[in-house]
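Written below as structure tokens is the structure these notes are about.
Protein chains: 2
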Amino acid sequence: MTDTKHGALQNKLLAALPEIEFENILSKLEPIDLKVNEVLWEMDEKREFVYFPTTAMICLIYESQEGVSVEVGMTGRQGMVGVVTFFGDARMAKRAIVQHEGVAYRMKATDVEKEVARRPDFQDICMCYTQTLIAQISQSAICNRLHSIRQQLCRYLLVSHDNLGTKKLQMTHDQISNVLGVRRESVSGAALELSDEGLIEYSRGNITILDLKGLRAVVCECYAAVNDQYNRILAKYISTHDS
Amino acid sequence: MTDTKHGALQNKLLAALPEIEFENILSKLEPIDLKVNEVLWEMDEKREFVYFPTTAMICLIYESQEGVSVEVGMTGRQGMVGVVTFFGDARMAKRAIVQHEGVAYRMKATDVEKEVARRPDFQDICMCYTQTLIAQISQSAICNRLHSIRQQLCRYLLVSHDNLGTKKLQMTHDQISNVLGVRRESVSGAALELSDEGLIEYSRGNITILDLKGLRAVVCECYAAVNDQYNRILAKYISTHDS
DNA sequence: TATCGTCCGTGCGGTGGGGCACATACGAAA
DNA sequence: TTTCGTATGTGCCCCACCGCACGGACGATA
């Protein structure tokens, strides 16, 4: 149980809870291993659980009629998946899919509803996170229209880093291309550039970030914009961290 | 005052309120004429009012560092501007700007907060509308990545029609290009095609929709997707209308 | 009716990205 | 060590869209 506690605290939203509320919620959290490409829910399914990732990363995916998929949201230890459940459900995404293997703590949606009603801090954190999610989605819309694949790849890598807390990312160009909604070759091309510039290195599904500052210099404004909103909105709960 | 009442009811969200709640809120609503390009707020300003458009249309605009602007949300009689105010504020947009002249009813943000706390139906409608807004933004992200300017123009025209309740739209190609974040010439080109096909006609800032069904056949899935969510989420308040 | 500002049409070269086909290179399993 | 599957590199053609420049057309105004 102490393990569960320690593990769950890696999620920034859970860690943001007052200790007493966290302790009470703890018993309803269940750690679960998530593997790449695992589907947490499909569009029209009832959403049984809310997930708080710690070392896993989850994407909200839309798939067009033509079969091209595009990310509308990405969540790791900085967030939660399924807020919208307690909050009504805007079915903006067709699917929630595991983008990076790891652990998430899940809680029954029905329990979440109860806790939200009972614990003001928990409710407020959910609301705040929803706002950051809106900011994230908006910025994606903008980035999709305005910025190059190179920049979007940088953004994706940096966000992954922030959400996973590691510079070693296990993901192939092909997976990334599915999330960004572009060709695999385009991702490979951009990755090669970043590699030539010494910002990253990679081989067969293992990407290592070598130069964080360098990536931040290449990435478009969208990365900082979303981060700023996240820090601002959740400032009262989370001390701003530079890592 | 009866005029105010009749006018305000043109807004679908206000019309959705139980009569008794609407009557109580009515005194706090103030009709106001909005002119094209009028700015309702800038990013870092306090948002003093919440707007319920009836015959006006308002865009939430983001402007990139390079000076290109992109729409992240569009609201007319189907919605309201400033939900996020009561609800915290995710500063996803840099500016709210009048996209089509007309009337909106506005209410002080402080009053909105009070009413939301006091009237469950009003609160619920605000929440539901927020969800439809999330759906709208998500779909924009997708549309921006996947679909042609021609299709996006159709979507813009149809959404304008739904939000304004008229087939006669007063807007230039240049204005539309700013909202879509593309070249004016690209809009002109697409508009010319639609005109050749007999779907619309236009001249010097006046666009008339000639064939609604035709446009619906050309537009991408995104239009229907957003509409479906709107109707589904607000179904309990608004009877589905085909117009 | 002449002028002027705004709105819209059109052409041209450049470029990012798509679709496709195939070559290469690495790693796991036999 | 060979084999085989998967991950990544590369080249080719094509198209939508961009940036730019300019021409025509319409409407208000005097």
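In order, the protein sequence lines correspond to chains P and D. Going by our numbering, the first residue of the first sequence is number 9, and it counts up by one from there. Going by our numbering, the first residue of the second sequence is number 9, and it counts up by one from there. No residue lacks a Cβ here, since even glycine has one placed at the ideal position from N, Cα and C. Remember, predicted model here, so these are calculated numbers, not experimental data.
Quiz item: Can you find a C-beta in chain P that's less than 9 Å from the C-beta of isoleucine 133 (chain D)?
Solution: Along the second sequence, one-based indexing puts residue 133 (chain D) at 125. Chain P, which has no Cβ nearer than 9 Å to the Cβ of isoleucine 133 (chain D), makes this no.
Practice problem: Identify which residue in D:Met88, D:Ser146, D:Arg153 and D:Leu166 has its Cα closest to the Cα of arginine 224 (chain D). | Solution: Here the question's residue 224 (chain D) lines up with position 216 in the second sequence. Cα-wise, what sits closest to arginine 224 (chain D) is D:Leu166.
Quiz item: Under the rule that 16 or more other beta-carbon atoms within 10 Å means buried, what is aspartate 182 (chain D), buried or exposed?
Solution: Here residue 182 (chain D) refers to the residue found at position 174 of the second sequence. Exposed, by the Cβ-count rule.
Practice problem: State the CB to CB distance for the pair histidine 108 (chain P) and valine 44 (chain P), rounded to an integer number of angstroms; the pair is presumed to be in contact (CB under 8 Å). | Solution: Mapped onto the first sequence, residue 108 (chain P) falls at position 100. Mapped onto the first sequence, residue 44 (chain P) falls at position 36. Yes, histidine 108 (chain P) and valine 44 (chain P) are in contact; Cβ-Cβ is about 7 Å, under 8 Å.
Self-check item: Beta carbon proximity, glutamate 229 (chain P) to chain D, threshold 9 Å
Solution: Position 221 of the first sequence, counted from the start, is the residue given in the question as residue 229 (chain P). Yes, because at least one Cβ of chain D sits closer than 9 Å to the Cβ of glutamate 229 (chain P).
Practice problem: Determine contact between the segment 20 to 37 of chain D and the segment 115 to 128 of chain P, defined as no fewer than three beta-carbon pairs at a distance below 8 Å. | Solution: With a cut-off of 8 Å, the segment 115 to 128 of chain P and the segment 20 to 37 of chain D do not count as touching, because too few Cβ pairs lie within range.
Quiz item: Which chain D residues are close to arginine 153 (chain P), counting only those with a beta carbon under 7 Å from its beta carbon?
Solution: Sequence index remark: in the first sequence, residue 153 (chain P) carries index 145 (1-based). Under the 7 Å cutoff, chain D gives Val78, Asn152 and Gly189.
Quiz item: Would valine 78 (chain P) be called buried (16 or more neighbouring beta carbons within 10 Å of its own) or exposed?
Solution: Within the first sequence, residue 78 (chain P) is the residue found at index 70, counting from 1. The residue in question, valine 78 (chain P), is buried, as its Cβ has 16 or more Cβ neighbours within 10 Å.
Quiz item: For the segment 56 to 84 of chain D, which residues have a beta carbon sitting closer than 9 Å to at least one beta carbon of chain P?
Solution: Leu68, Tyr70, Ser72, Gln73, Glu74, Val76, Val78, Glu79, Val80 and Gly81
Practice problem: Mind reading off the beta-carbon distance from tyrosine 164 (chain P) to leucine 188 (chain P)? Whole number of angstroms is fine, and I expect it under 8 Å. | Solution: Mapped onto the first sequence, residue 164 (chain P) falls at position 156. Mapped onto the first sequence, residue 188 (chain P) falls at position 180. At roughly 7 Å, the Cβ-Cβ gap stays under 8 Å, so tyrosine 164 (chain P) and leucine 188 (chain P) are in contact.
Quiz item: What does serine 146 (chain D) reach in chain P if we use C-beta pairs closer than 9 Å?
Solution: Position 138 of the second sequence, counted from the first residue, corresponds to residue 146 (chain D). Ordered by position in chain P, the residues that pass the 9 Å Cβ test against serine 146 (chain D) are Leu68, Tyr70, Val80, Gly81, Ala98, Met100, Ala101, Ile145, Ser148 and Ala149.
Quiz item: With which residues is histidine 8 (chain D) paired in a DSSP beta bridge?
Solution: Since the first and last residues shown for chain D are 9 and 251, residue 8 (chain D) lies out of range.
Quiz item: Distance, Cα to Cα, valine 226 (chain P) vs asparagine 235 (chain D)?
Solution: By one-based count along the first sequence, residue 226 (chain P) stands at place 218. By one-based count along the second sequence, residue 235 (chain D) stands at place 227. Inter-residue distance for valine 226 (chain P) and asparagine 235 (chain D) is about 38 Å (C-alpha atoms, whole angstroms).
Quiz item: Should isoleucine 145 (chain P) be labelled buried (16 or more other beta-carbon atoms within 10 Å of its own) or exposed?
Solution: Walking along the first sequence from the start, residue 145 (chain P) turns up at place 137. The residue in question, isoleucine 145 (chain P), is buried, as its Cβ has 16 or more Cβ neighbours within 10 Å.
Quiz item: What's the C-alpha gap between cysteine 6 (chain P) and glutamine 18 (chain P)?
Solution: Chain P is shown only over 9 to 251; residue 6 (chain P) falls outside these bounds and no answer can be derived.
Quiz item: So is arginine 127 (chain P) in contact with chain D if we call contact Cβ pairs under 9 Å?
Solution: Start at 1 with the first residue of the first sequence, and residue 127 (chain P) comes out as number 119. Chain D contact via Cβ: absent.
Quiz item: Buried or exposed: where does valine 106 (chain P) fall if 16 or more other Cβ atoms within 10 Å of its Cβ makes it buried?
Solution: Locating residue 106 (chain P) in the first sequence gives position 98, counting from the first residue. The residue in question, valine 106 (chain P), is buried, as its Cβ has 16 or more Cβ neighbours within 10 Å.
Quiz item: Looking at serine 168 (chain D) and valine 80 (chain D), is the spacing between their C-beta atoms short of 9 Å?
Solution: For the purposes of this step, residue 80 (chain D) is identified with residue 72 of the second sequence, where counting begins at 1. For the purposes of this step, residue 168 (chain D) is identified with residue 160 of the second sequence, where counting begins at 1. Cβ atoms of valine 80 (chain D) and serine 168 (chain D): not closer than 9 Å.
Exercise. To the nearest angstrom, report how far apart glutamine 178 (chain D) and cysteine 151 (chain D) are at their CA atoms.
Key: Locating residue 178 (chain D) in the second sequence gives position 170, where the first residue counts as 1. Locating residue 151 (chain D) in the second sequence gives position 143, where the first residue counts as 1. Taking the straight line joining both Cα atoms gives about 24 Å.
Exercise. Check the Cβ-Cβ distances between arginine 240 (chain D) and every residue of chain P, and say whether any is below 9 Å.
Key: For this step, residue 240 (chain D) is matched to residue 232 along the second sequence. So yes, arginine 240 (chain D) belongs to the interface.
Quiz prompt | Three-state secondary structure assigned by DSSP to tyrosine 245 (chain D) | solution = Here residue 245 (chain D) refers to the residue found at position 237 of the second sequence. Correct three-state label for tyrosine 245 (chain D): coil.
Exercise. Could you please give me the residues that DSSP links to isoleucine 217 (chain D) through a beta bridge?
Key: Numbered from 1 along the second sequence, position 209 holds the residue referred to as residue 217 (chain D). In the DSSP output, where bridge partners are listed per residue, isoleucine 217 (chain D) has D:Ile208.
Quiz item: To which residues of the same chain is isoleucine 133 (chain P) closer than 8 Å at the C-beta, ignoring the five residues directly before and after it?
Solution: What you label residue 133 (chain P) is simply residue 125 of the first sequence in a count that begins at 1. The answer, listed in chain order, is Leu21, Ala24, Leu25, Leu242 and Tyr245.
Quiz item: In this structure, does DSSP put leucine 48 (chain P) in helix, strand or coil?
Solution: Taking the first residue of the first sequence as position 1, residue 48 (chain P) is located at position 40. Note: leucine 48 (chain P) maps to strand in three-state DSSP.
Quiz item: Any idea which residues DSSP pairs leucine 42 (chain D) with across the strands?
Solution: For the purposes of this step, residue 42 (chain D) is taken as the residue at position 34 of the second sequence. D:Gly110.
Exercise. Would you mind stating whether arginine 158 (chain P) and alanine 198 (chain P) have Cβ atoms separated by less than 9 Å?
Key: The residue given as residue 158 (chain P) occupies position 150 in the first sequence. The residue given as residue 198 (chain P) occupies position 190 in the first sequence. In contact: arginine 158 (chain P) and alanine 198 (chain P) (Cβ atoms closer than 9 Å).
Self-check item: Integer Cβ distance of glutamate 50 (chain D) from arginine 114 (chain D), believed to fall under 8 Å
Solution: Looking up residue 50 (chain D) in the second sequence gives position 42. Looking up residue 114 (chain D) in the second sequence gives position 106. No, glutamate 50 (chain D) and arginine 114 (chain D) are not in contact; Cβ-Cβ is about 17 Å, not under 8 Å.
Quiz item: Can you tell me the Cα-Cα spacing of aspartate 219 (chain D) and isoleucine 208 (chain D), whole angstroms?
Solution: One-based indexing of the second sequence puts residue 219 (chain D) at position 211. One-based indexing of the second sequence puts residue 208 (chain D) at position 200. Answer to the nearest angstrom: the Cα atoms are 7 Å apart.
Quiz prompt | Residue range of the alpha helix (DSSP H) that includes glutamine 147 (chain D) | solution = Position 139 of the second sequence, counted from the first residue, corresponds to residue 147 (chain D). Glutamine 147 (chain D) -> alpha helix (DSSP H) spans 128 to 154.
Quiz item: For isoleucine 66 (chain P) versus leucine 48 (chain P), is the C-beta distance shorter than 9 Å?
Solution: Here residue 66 (chain P) is taken as the residue at index 58 of the first sequence, counted from 1. Here residue 48 (chain P) is taken as the residue at index 40 of the first sequence, counted from 1. In this structure, leucine 48 (chain P) lies closer than 9 Å to isoleucine 66 (chain P) by Cβ.
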